[in-house]
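Peer 1: Could you have a look at this structure, given as structure tokens, before my questions?
In full-length UniProt numbering, the protein residues as written are 1 to 133.
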């Protein structure tokens, strides 16, 4: 395992830091993998490249508000949630309306069946009375 100053790792971006830590923890890192990922198989060059990238990233971020992007993402997420909530309520109201209509139709059919059975019983009684005569 290579000896790396821990303070040096703090200057790297989080993902690069994780890559270096992972690389240093695994002794079975193949040179082909390192070369494909970083363009070089030598760890010293990798650390220099990561350090250079960290410096360049800091120069680009000067003057940027670090809270601007998370706040805009949070606002976007909040708007998306409101839209989803509104659509969910529409679907719920539609389902309620369909449920009420179905219950009404079932009650209507129940009354029709009851009327039909009463008329059928009356007709059967009338036929029996006619037969008895």
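Beta carbons: idealized from backbone N, C-alpha and C, even for Gly.
1) On the CB-based measure, 16 or more other CB atoms within 10 Å of its CB, does residue 93 come out buried or exposed?
2) For residue 3, which residues from the same chain have a beta carbon less than 6 Å from its beta carbon, with the 5 sequence-adjacent residues on both sides left out?
3) If I measure Cβ to Cβ from residue 19 and keep anything under 7 Å in the same chain, skipping five residues before and after, which residues do I get?
4) Just the Cα atoms here: how many angstroms apart are residue 98 and residue 124?
5) Using DSSP with H/G/I as helix, E/B as strand and the rest coil, what is residue 133?
6) Taking the C-alpha atoms as reference points, what is the distance between residue 105 and residue 86?
Peer 2: Reading off the structure:
1) exposed
2) In this prediction, residue 3 scores a pLDDT of 47, lower than 50, which makes its location untrustworthy; no coordinate-derived value is stated.
3) none
4) 38 Å
5) coil
6) 29 Å
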